[in-house]
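Visitor:
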Amino acid sequence: MREIGKQEIEDIAVGAALLGTGGGGDPYIGKLMALQAIEEHGPVTVLDLDEVPDDALVVPSSMMGAPTVMLEKIPSGEEAIEAFQKLEEYLGKKIYATFPIEAGGVNSMLPFALAARLGLPVIDADGMGRAFPELQMVTFYLDGISATPAVIADEKGNTAVLSTIDNVWTERIARAATIQMGGSVMNAMYSMTGKNLKESGIRNILKLEEEIGRTIRLAKANNVNAIQEVLKTVGGFELFRGKVTDINRKTETGFARGVATFEGVGEYKNETLQLRFQNEHLLAQTEKRLLCVTPDLIAVLDAETGLPITTEGIRYGSRCVVIGIPCHPKWRTEKGIETVGPKYFGYDVDYIPVEELVHKEVTK
Amino acid sequence: MGTYRIGIDVGGTHTDAVLLDENNKVISETKSSTTEDVATGIYKAMNEIITSAKVSREDIHYAMLGTTHCTNAIVERKGLNKIAVVRIGAPATLAVKPLIGVPEELRETLGKYVYLVRGGHEFDGREIVSLDEEHLYKIAEEVKGKVDSIAVTSVFSPVSRDHEERARDIFKEVLGEAVAISLSSEIGSVGLLERENATILNASVVNVAKTAADGFINALKDEGIEANVFFGQNDGTLMSVEYAVRYPIFTVACGPTNSLRGASYLGDLSDAIVVDVGGTTSDVGVLINSFPRESSLEVEIGGARTNFRMPDLISIGLGGGTIVRIQENGDFTIGPDSVGYRLPEKAMIFGGDTLTTTDVAVALGKIELGDSSKVAHLDKELLNSVYLKIVELVEEAIDKMKTSADPIPVILVGGGSILLPTELKGASKVIRPEHSGVANAIGSAISQVSGQIEKIYLLDEIGREKALESAKSEAKAEAINAGADPNSLVIVDIEDVPLAYLPGNATRVRVKAAGELDRKVENAVG
Numbered sequence: 001m002r003e004i005g006k007q008e009i010e011d012i013a014v015g016a017a018l019l020g021t022g023g024g025g026d027p028y029i030g031k032l033m034a035l036q037a038i039e040e041h042g043p044v045t046v047l048d049l050d051e052v053p054d055d056a057l058v059v060p061s062s063m064m065g066a067p068t069v070m071l072e073k074i075p076s077g078e079e080a081i082e083a084f085q086k087l088e089e090y091l092g093k094k095i096y097a098t099f100p101i102e103a104g105g106v107n108s109m110l111p112f113a114l115a116a117r118l119g120l121p122v123i124d125a126d127g128m129g130r131a132f133p134e135l136q137m138v139t140f141y142l143d144g145i146s147a148t149p150a151v152i153a154d155e156k157g158n159t160a161v162l163s164t165i166d167n168v169w170t171e172r173i174a175r176a177a178t179i180q181m182g183g184s185v186m187n188a189m190y191s192m193t194g195k196n197l198k199e200s201g202i203r204n205i206l207k208l209e210e211e212i213g214r215t216i217r218l219a220k221a222n223n224v225n226a227i228q229e230v231l232k233t234v235g236g237f238e239l240f241r242g243k244v245t246d247i248n249r250k251t252e253t254g255f256a257r258g259v260a261t262f263e264g265v266g267e268y269k270n271e272t273l274q275l276r277f278q279n280e281h282l283l284a285q286t287e288k289r290l291l292c293v294t295p296d297l298i299a300v301l302d303a304e305t306g307l308p309i310t311t312e313g314i315r316y317g318s319r320c321v322v323i324g325i326p327c328h329p330k331w332r333t334e335k336g337i338e339t340v341g342p343k344y345f346g347y348d349v350d351y352i353p354v355e356e357l358v359h360k361e362v363t364k
Numbered sequence: 001m002g003t004y005r006i007g008i009d010v011g012g013t014h015t016d017a018v019l020l021d022e023n024n025k026v027i028s029e030t031k032s033s034t035t036e037d038v039a040t041g042i043y044k045a046m047n048e049i050i051t052s053a054k055v056s057r058e059d060i061h062y063a064m065l066g067t068t069h070c071t072n073a074i075v076e077r078k079g080l081n082k083i084a085v086v087r088i089g090a091p092a093t094l095a096v097k098p099l100i101g102v103p104e105e106l107r108e109t110l111g112k113y114v115y116l117v118r119g120g121h122e123f124d125g126r127e128i129v130s131l132d133e134e135h136l137y138k139i140a141e142e143v144k145g146k147v148d149s150i151a152v153t154s155v156f157s158p159v160s161r162d163h164e165e166r167a168r169d170i171f172k173e174v175l176g177e178a179v180a181i182s183l184s185s186e187i188g189s190v191g192l193l194e195r196e197n198a199t200i201l202n203a204s205v206v207n208v209a210k211t212a213a214d215g216f217i218n219a220l221k222d223e224g225i226e227a228n229v230f231f232g233q234n235d236g237t238l239m240s241v242e243y244a245v246r247y248p249i250f251t252v253a254c255g256p257t258n259s260l261r262g263a264s265y266l267g268d269l270s271d272a273i274v275v276d277v278g279g280t281t282s283d284v285g286v287l288i289n290s291f292p293r294e295s296s297l298e299v300e301i302g303g304a305r306t307n308f309r310m311p312d313l314i315s316i317g318l319g320g321g322t323i324v325r326i327q328e329n330g331d332f333t334i335g336p337d338s339v340g341y342r343l344p345e346k347a348m349i350f351g352g353d354t355l356t357t358t359d360v361a362v363a364l365g366k367i368e369l370g371d372s373s374k375v376a377h378l379d380k381e382l383l384n385s386v387y388l389k390i391v392e393l394v395e396e397a398i399d400k401m402k403t404s405a406d407p408i409p410v411i412l413v414g415g416g417s418i419l420l421p422t423e424l425k426g427a428s429k430v431i432r433p434e435h436s437g438v439a440n441a442i443g444s445a446i447s448q449v450s451g452q453i454e455k456i457y458l459l460d461e462i463g464r465e466k467a468l469e470s471a472k473s474e475a476k477a478e479a480i481n482a483g484a485d486p487n488s489l490v491i492v493d494i495e496d497v498p499l500a501y502l503p504g505n506a507t508r509v510r511v512k513a514a515g516e517l518d519r520k521v522e523n524a525v526g
C-alpha cells in the first residue's frame, strides 16, 4: 500500500503516454482531473494486487468515445461516480477498489480522479499493459471475463445499464449510445473479483509507469541518456532513429489511421522507417525488415528529451527514436494474437516477437 | 503624390521602423533601442524615418505596428485588466476548473471572479443543457464595478456560438459598453482549456492594447500624420485598431512572424527557410506560400497553455553578442549567454573585454567591423573551429525545420546575420537581402489582411466539397470584414483533420483567406 500525490501523478502520466504507444488520447485532461481531485480530496491509496481480497468486487473506471470530445467537453466528475453507484445497485454489492483498464492516455488517469473523490483505493494492475482501441482488447476477454453488466454515464445524469450476449455486442451498443450521449462517456465495465484480476490482469503497471516518468524527468538532472534509461526500465529495444519526413492521416470507420515515414540518421542512414498506426502505433518496418508489430509495443520518443510522442503529435521534422517493447505474454497466445495481432488490424503480416525481429535477448 | 506606409516593429531589444513607398520600396529605415515605456521608443523611431525621408506627411496613408506590449504585460503580469472568467458548460467540465494548470500567481491575479454556468453544446451542435440566463444576470450584477473585462468560454462554441453570444448580450445589457467582453469562439479552436486560457489572457490585456493603440495614434497625430492604423498579428496579417483592441492576444507572436514575412518580401521568395539572427538568439522559421509555417503543438504564453496558431520556430542561443569562452586546453563553449545590446561596449573589436561571436567573425576576416587589430592576436586555427561550430549550430537548426532532405533556399535577416557565411549545408542558396536588418518592420508594413475560420463539419451530412466551400466563403467574408479587397482574396491555407472515434465523419476544417488592403479604404483616407 502506498500513497499517490501530485508528483506521482505527473510521472505516471508520462509513463502512461509512453506505454500508450501513441494512442489513448492526450493524458493531459485526465491528469488535470486527477490533480484537481487530489488537491480537493487528498492523495490516493494504491494497493498491490496481492493486497486485494479474492472475493472483493473490483471495477475499472474508463472513458469511451472520442478523446477530442473530452478535450472540449471535459467531464463533470459525477459521471464516473454515477456509473459506479449504478453498477453497485445492479449487482447489490459494494465496489472495493478501482483500477485502470489500460496503460495509456486519458484512461490511465481517470481511476485516480474517481478514487480521490470516492476515497477508493486504486489497484496496481490493468487489462492491457499498453493501449488498444476496442473494448474486447483486454486480457480479461482472453480469459472469458464479460464486459457486462456494464454501465455508461454522461454528465447530464443519464446512465445505461448494458447486459449483452458478448463483448462485441457491448462494444456495438455502447458506441451507439455514446454518440447520442454526446460523444464521450464514462463507463464501469469488466467488473470482476479480486481473484479474476489476479489471474487475468497485468501487475505492477502503475509502478512501471511511474518509474518511466521519473526516469525521463530525472535523466537530464542526472546527466544520463533518457532513452537508454527508459529502454532498461521497460526491457525494450531501439528500433530506429530518424526524422519524420512524411505523415499521412486519414479516418476510416472512426479510427485515425495513417502512416508516418522516418528517414534514418546515424547508423540508420539510408534507411526509411514506415510506422503504421490506427490510434496506436501498430507496425514498424523498413524497406527490408519488419521491426515490430502489434501486440508488441511501439513507442515514438523525442530524440532529445525522451518524452513520448502521440500519433497526433508526430509532425514533419521531428527527431525521434522509435523503440519496441515486448508485450505481456498473455497477448502472445493464440487467442491474444487473434484479438490484437496484425491480421485483426488488417495488416498482412504474421506476428513475430520483437526480440526475434531485432535478434536480441529479452532482458526483462 | 505618392502613397507611403510606415512599418514599426517593437521587439525586446530594438524598435525598428521603415517608411515604404507604394511599390514597397524602402525610403528610410532606423533601428533604435526599445524603451521601458515602449511608446517613447516608437515616437523616436517614427520621427527619425519621417525626418530623414523628406516625404510629405499627408502622403503617409498607412501605419502598421507590430508590438510586444501585450506579450510583456502577460509575462510581467503588469497593467492587466480586472477580469471575470465565465465558463458555460456545467454540469460538464466541472472536473477541471478554469485556470487549473496555469502558474499560481497568474491564477491569483486572473482568478478572482470565476463562474461556471449551465449551458454549452455537444460536438454536433445540440445543447448539452439550456443556457442558465438567470445565473448570467446574477453574475453581471455581482461583478458590476469590480471588473472591466470578461472572458466567456462555452463548451463547443467553435461548433455553436449561441450561448456565448447570448451571454455577451446579457453582460452588455447590464454592464453597458464600458466592460470589454472576449468570446472564446472568436479567439481559439477546439480544446476547451487552451481556448479558455487564450480568452482569459485576451480579456486581461484589453487595456494594455488600448493604451498602445492610443499611444501610436497620438504619436502619429503629433507628427501631423493622418494614417489608417493597423496592428500586425501572429499569422502575419493585419487587423484594424478596433479589432486589435478587442482581440489583443492575436498580437503576441507578431514579431517573429513579421520578420519571416519581411524576409519573404526582401528575398523575393515564397518558400524558404528564414534565419533571423539577433543579438542573443537566432530564430529559424519556415515560409510556405509567403506565410510562416504554424506550429502544431500547444503554445504556452506566460505559462498558460493555449491553442493558438503560432509560427513554428526553433530558437537557438546564438546571436551577434553570444559569448565565446576558450579554455586553456583549447576547449571552447559558445553561449548560451550574450552581451546582448551591450555589444558596442563589451565586444573586443569595440574595445571591450568579452570575446563574442562577432569578434570571432571579424578576427577571421569574415566581416569588417570595429577594430580588427584588437582581435589579431587570437589563435586563428582555434577561432576557425569556433566559427565552424557556429555555422554547424545554424545548419542543424535549419535541418530540423526542413520537411525533406531536398535543399531549400535560406534567407538570412536580422542584425546578427552578417556573422553567417553565404553557403550553408542543406541550402540550395543563401540570400542576405538588402535592408535585412529591419526585415521585421518591413514585414509589418507589407502585411495583408486575412480572415480565418475553424469549424467542425459532419461530412456524412454535407459532404467534404460542400463543407470546404462553406468554410472558404466564411473565411473570405471574415477577411473582407477585416478590410481586405474582395478581388485580391486568395485562400492561403486549408486544413481538415478527421476527429478520431466519432462517426458521421466529423472533421475539423480550418481555412484562411488573405488579400491586399482594400483600396476603397485608402481612398477614403487619401
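Here the protein sequences line up with chains A and B, keeping their order.
Okay, so the first sequence: first residue is 1 according to full-length UniProt numbering, each after it adds one.
Okay, so the second sequence: first residue is 1 according to full-length UniProt numbering, each after it adds one.
All residues carry an ideal CB built from backbone N, CA and C; glycine is no exception.
All of these numbers come straight from a predicted model, not from anything done at the bench.
(1) Compute the Euclidean distance between the alpha carbons of K89 (chain B) and F123 (chain B), then round it to the nearest angstrom.
(2) Is there a Cβ of chain B sitting closer than 8 angstroms to that of K73 (chain A), yes or no?
(3) What does the alpha-carbon distance come out to for the pair T507 (chain B) and K472 (chain B)?
(4) By Cβ distance below 6 angstroms, which residues in the same chain neighbour T148 (chain A) in space, the five residues on each side in sequence not counted?
(5) For G262 (chain B) and A63 (chain B), I'd like the C-alpha separation in whole angstroms.
(6) May I ask you to report which of helix, strand or coil DSSP gives V106 (chain A)?
(7) When the Cβ atoms of the stretch 135 to 145 of chain A are set against those of the stretch 337 to 345 of chain A, are three or more pairs found closer than 8 angstroms?
(8) Taking only the alpha-carbon atoms, compute the straight-line gap between V96 (chain B) and E39 (chain A) and give it to the nearest angstrom.
(9) Taking Cβ-Cβ distances below 8 angstroms as the criterion, which residues of the stretch 107 to 129 of chain A are in contact with chain B?
(10) Hey, is V102 (chain B)'s beta-carbon within less than 8 angstroms of any beta-carbon in chain A?
(11) Please classify K221 (chain B): is it buried, with 16 or more other beta-carbons within 10 angstroms of its beta-carbon, or exposed?
(12) Three-state secondary structure (DSSP) at R217 (chain A)?
(13) Am I right that G264 (chain A) and F277 (chain A) are in contact with their C-beta atoms under 8 angstroms? What's the rounded C-beta distance?
(14) Measuring CB to CB, does residue 366 (chain A) end up less than 8 angstroms from P75 (chain A)?
(15) Which residues of chain B have a Cβ atom closer than 7 angstroms to the Cβ of G77 (chain A), listed in chain order?
(16) With distances taken from CA atoms, which of B:A482, B:K476 and B:G483 is nearest V492 (chain B)?
(17) Which of the three DSSP states, helix, strand or coil, is assigned to S295 (chain B)?
(18) Could you check which residue in A:M181, A:H359, A:Y344 and A:E134 has the C-alpha nearest to that of P326 (chain A)?
(19) Taking a cut of 9 angstroms between CB atoms, which residues from the stretch 114 to 148 of chain B lie near chain A?
(20) Closest to N279 (chain A) by C-alpha separation, out of A:G23, A:I12 and A:R2, would be which residue?
(21) Once DSSP output is grouped into helix, strand and coil, what is the label at M186 (chain A)?
(22) Taking only beta carbons into account, state which residues of the stretch 225 to 236 of chain A come closer than 7 angstroms to chain B, listed in chain order.
(23) Report the CB separation of I411 (chain B) from A272 (chain B) in whole angstroms; it is logged as a contact under 8 angstroms.
(24) To be precise: take each residue of the stretch 172 to 195 of chain B, compare its Cβ to all Cβ atoms of chain A, and keep it if any distance is under 9 angstroms. Which residues remain?
(25) Strictly below 9 angstroms CB to CB, what residues from chain A border F156 (chain B)?
(26) Check whether chain A comes within 8 angstroms of P91 (chain B), counting only Cβ atoms and requiring the distance to be less than that.
(27) Contact check, V75 (chain B) vs L110 (chain B) under 8 angstroms by CB: the rounded distance?
(28) In three-state DSSP terms, what is G526 (chain B)?
(29) Taking the C-alpha atoms as reference points, what is the distance between A524 (chain B) and A479 (chain B)?
(30) What is the DSSP secondary structure of Y62 (chain B), reduced to helix, strand or coil?
(31) Can you find a C-beta in chain B that's less than 8 angstroms from the C-beta of M63 (chain A)?
(32) By the criterion of Cβ-Cβ separation under 7 angstroms, what are the contact partners of E209 (chain A) in chain B?
(33) Less than 8 angstroms between the C-beta atoms of V46 (chain A) and P121 (chain A), yes or no?
(34) Looking at C-beta atoms only, is the number of pairs between the stretch 40 to 48 of chain B and the stretch 8 to 21 of chain B that lie closer than 8 angstroms three or more?
(35) Within 10 angstroms of its Cβ, does S204 (chain B) collect 16 or more other Cβ (buried), or is it exposed?
(36) For V174 (chain B), I'd like the list of residues in its chain whose CB is within less than 6 angstroms of its CB, leaving aside the five on either flank, ordered along the chain.
Guide: Answer, in terms of the structure:
(1) Translated into positions along the second sequence, residue 89 (chain B) becomes position 89. Translated into positions along the second sequence, residue 123 (chain B) becomes position 123. What sits at residue 89 (chain B) in the sequence shown is Gly, not Lys. So the two alpha carbons sit approximately 13 angstroms from each other.
(2) As a first step, residue 73 (chain A) is located in the first sequence; it is residue number 73 there, counting from the start. Yes, contact with chain B.
(3) Translated into the one-based positions of the second sequence, residue 507 (chain B) becomes position 507. Translated into the one-based positions of the second sequence, residue 472 (chain B) becomes position 472. Their backbone Cα atoms lie some 15 angstroms apart in a straight line.
(4) Position 148 of the first sequence, counting from 1, holds the residue named residue 148 (chain A). For T148 (chain A), where only same-chain residues beyond five positions count, the Cβ hits under 6 angstroms are L162, S163, T164 and T170.
(5) As a position in the second sequence, residue 262 (chain B) is number 262, starting the count at 1. As a position in the second sequence, residue 63 (chain B) is number 63, starting the count at 1. Computed Cα separation, rounded: 16 angstroms.
(6) The residue you call residue 106 (chain A) lines up with position 106 of the first sequence. DSSP places V106 (chain A) in helix when its eight states are reduced to three.
(7) yes
(8) Numbered from 1 along the second sequence, position 96 holds the residue referred to as residue 96 (chain B). Numbered from 1 along the first sequence, position 39 holds the residue referred to as residue 39 (chain A). Near 11 angstroms, if we compare the C-alpha coordinates of E39 (chain A) and V96 (chain B).
(9) A113
(10) Walking along the second sequence from the start, residue 102 (chain B) turns up at place 102. By this cut-off, V102 (chain B) is not an interface position.
(11) Here residue 221 (chain B) is taken as the residue at index 221 of the second sequence, counted from 1. Burial call: exposed.
(12) In the first sequence, residue 217 (chain A) corresponds to position 217, counting from 1. R217 (chain A) falls in the helix class under three-state DSSP.
(13) Against the first sequence, residue 264 (chain A) aligns to sequence position 264. Against the first sequence, residue 277 (chain A) aligns to sequence position 277. Wrong, their Cβ atoms sit about 19 angstroms apart, outside the cutoff.
(14) There is simply no residue 366 (chain A) to check, as chain A begins at 1 and stops at 364 in what is shown.
(15) Start at 1 with the first residue of the first sequence, and residue 77 (chain A) comes out as number 77. Near G77 (chain A) (Cβ distances below 7 angstroms), the residues of chain B are L94 and A95.
(16) On the second sequence, position 492 is the one that residue 492 (chain B) refers to. With distances taken between Cα atoms, V492 (chain B) lies closest to B:K476.
(17) To locate residue 295 (chain B), count along the second sequence from 1; it is residue 295. If DSSP states are grouped into helix, strand and coil, S295 (chain B) belongs with coil.
(18) Sequence index remark: in the first sequence, residue 326 (chain A) carries index 326 (1-based). Per the Cα distances, A:H359.
(19) G120, H121, E122, F123, D124, R126, I128 and V129
(20) Translated into positions along the first sequence, residue 279 (chain A) becomes position 279. Comparing Cα-Cα distances from N279 (chain A) to each of A:G23, A:I12 and A:R2, the minimum goes to A:G23.
(21) Translated into the one-based positions of the first sequence, residue 186 (chain A) becomes position 186. Strand at M186 (chain A).
(22) none
(23) By 1-based counting over the second sequence, the position of residue 411 (chain B) is 411. By 1-based counting over the second sequence, the position of residue 272 (chain B) is 272. Confirmed, Cβ separation roughly 5 angstroms.
(24) V190, G191, L192, L193, E194 and R195
(25) Here residue 156 (chain B) refers to the residue found at position 156 when the second sequence is read from its first residue. Chain A residues near F156 (chain B): V69, E72 and K73.
(26) Residue numbering aside, residue 91 (chain B) sits at position 91 when the second sequence is read from its first letter. For P91 (chain B), the answer is yes, since a Cβ of chain A falls inside 8 angstroms of its Cβ.
(27) Residue 75 (chain B) sits at position 75 when you count from the first residue of the second sequence. Residue 110 (chain B) sits at position 110 when you count from the first residue of the second sequence. Wrong, their Cβ atoms sit about 14 angstroms apart, outside the cutoff.
(28) If you number the second sequence from 1, residue 526 (chain B) lands on position 526. Low confidence applies here, because G526 (chain B) scores a pLDDT of 33, under 50, leaving its location unreliable and the question unanswered by this model.
(29) Counting from one through the second sequence, the residue named residue 524 (chain B) turns up at place 524. Counting from one through the second sequence, the residue named residue 479 (chain B) turns up at place 479. Confidence is the limiting factor: at A524 (chain B) the pLDDT is only 41, short of 50, which leaves the residue's position unreliable and the question unanswerable from this model.
(30) As a working note, residue 62 (chain B) is residue 62 in the second sequence. Strand at Y62 (chain B).
(31) Stepping through the first sequence from its first residue, residue 63 (chain A) is reached at position 63. It does not; no Cβ of chain B falls within 8 angstroms.
(32) To locate residue 209 (chain A), count along the first sequence from 1; it is residue 209. Those within 7 angstroms of E209 (chain A) in chain B number zero; the least Cβ separation is about 20 angstroms.
(33) Sequence index remark: in the first sequence, residue 46 (chain A) carries index 46 (1-based). Sequence index remark: in the first sequence, residue 121 (chain A) carries index 121 (1-based). Result yes, Cβ atoms of V46 (chain A) and P121 (chain A) sit closer than 8 angstroms.
(34) yes
(35) Sequence index remark: in the second sequence, residue 204 (chain B) carries index 204 (1-based). Result: buried.
(36) In the second sequence, the residue the question calls residue 174 (chain B) occupies position 174. Here the set comprises A140.
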